[in-house]
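Reviewing the structure listed below.
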Amino acid sequence: MESSTLGMIVLTLIAVFGTASFCFEHLATRQTKKKNTGQH
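Quick note, the sequence shown lines up with residues 27 to 66 if you use the working numbering.
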């Protein structure tokens with residue numbers, strides 16, 4: 027039971043970090059595009 031709970035926690039952490047990194051990368055690319063175009 028402990029091992030299964032640990033596995034669920036690890037999977038949840040991976041999913042959270044994956045989503046966070048994806049959103050962060052998406053926002054970063056949007057900001058760089060805005061800077062390159064020069065629009066405020």
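Built from N, CA and C at the ideal position, the CB exists for glycine as well. Keep in mind that this is a model prediction, so the values were computed, not measured.
Original post:
Roughly how many angstroms separate the alpha carbons of G33 and F48, rounded to a whole number?
Top reply: Within the sequence shown, the letter at position 7 stands for residue 33. Within the sequence shown, the letter at position 22 stands for residue 48. The straight-line gap from Cα to Cα measures roughly 22 Å.
**OP:** Ignore the nearest five residues each way along the sequence and tell me which others in T31's own chain have a CB closer than 7 Å to its CB.
**Re:** For this step, residue 31 is matched to residue 5 along the sequence shown. Nothing listed; no residue qualifies.
Original post:
In angstroms, rounded to a whole number, what distance separates the CA positions of A54 and T45?
Top reply: Indexing the sequence shown from 1 puts residue 54 at position 28. Indexing the sequence shown from 1 puts residue 45 at position 19. Cα-Cα distance, rounded: 14 Å.
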